[in-house]
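First residue of the sequence shown: 1, per UniProt numbering; consecutive thereafter.
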Amino acid sequence: MSTKVLQEIVTKTLVVKGSVILTDLSDEVVKGDAAVAHGTFSDVLKGTWNDPIERRPRSVSRHQGPASSHGTKRSREAHQATSSRGYCLASLCHRNVSQLFGIVRLSQSIGMVSPWCEHGTLCNYLEHFPSVNRSRLLAQVASVIAYLHTFRPTIVHGDLKGVRPLPSSSPAPR
């Protein structure tokens, strides 16, 4: 099965699965060519959503995988993981959890569009603003963890680190 066919299947699944609708923003988001940050399972690109109401920088998270795996079982698993993650993120509603605006079709994968992290990661923010109220930040992180652990259906989250982004102009962790 080709990567393009997999993308179409996953995109259709994401857009209609259950009561959660994820908008395909492929024609509305201008993505950068190079990754500005790298995570364990994804790269982050800076993009702009040509939204008629507000035109702001956006983050596009794309799954990273070896180029040689396209069309393979590993590629299908990567697309399935992206689909599951997108569906899960779209279900969440908490002031310190990044909003998922929609998805974009990329050349070799699918990306998820969320707010841009103006301050970078929590670690970067603390380096630049060492006098910030760390107790308040810790309470916000604890609030998110409590929310995730009580959410139904159960969410199995990955590791939570300070290298995760702060995706807004405020210093609240998301």
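Glycine included, C-beta positions come from ideal geometry on N, C-alpha and C.
| Item | Value |
| --- | --- |
| Nearest-angstrom Cα distance between SER26 and ILE103? | 7 Å |
| On the DSSP bridge assignment, give the partners of ALA37 in chain order. | VAL44 |
| My understanding is that CYS117 touches SER59, with C-beta atoms under 8 Å, so please give their C-beta distance in whole angstroms. | 6 Å |
| What does a CB cutoff of less than 6 Å around LEU160 pick up in its chain, not counting 5 residues either side in sequence? | none |
| Under 6 Å from any heavy atom of the ligand GTP, does the C-beta of ALA146 make it? | What this structure holds is no ligand at all, so the ligand GTP is not there to describe. |
| If you run the structure through DSSP and keep just helix, strand and coil, what is VAL141? | helix |
| Taking C-beta to C-beta, are ARG55 and SER109 nearer than 7 Å? | no |
| Taking all protein chains shown into account, do 16 or more other C-beta atoms lie within 10 angstroms of the C-beta of LEU137, making it buried, or fewer, making it exposed? | buried |
| Give every residue of the same chain whose Cβ lies closer than 7 Å to the Cβ of ALA35, excluding the five residues on either side of it in the sequence, and list them in chain order. | ASP43, VAL44 and LEU45 |
| Are SER98 and SER114 touching if we call contact CB-CB under 7 Å? | yes |
| Could you pull the start and end residues of the alpha helix (DSSP H) that GLU54 belongs to? | Looking at the DSSP string, GLU54 is not in any alpha helix (DSSP H), and its letter there is neither H nor E. |
| Leaving aside the five residues before and after GLU127 along the sequence, list all residues of the same chain whose C-beta is less than 7 Å from its C-beta, in chain order. | none |
| Using alpha carbons as the reference points, say which of GLY32, PHE41 and THR40 lies closest to THR48. | GLY32 |
| What does THR23 pair with, by DSSP beta-bridge criteria? | GLY102 |
| For ALA142 and GLY158, I'd like the C-alpha separation in whole angstroms. | 15 Å |
| Kindly indicate which three-state DSSP category THR154 falls into: helix, strand or coil? | coil |
| Rounded to whole angstroms, what is the Cα-Cα separation between ILE145 and THR40? | 20 Å |
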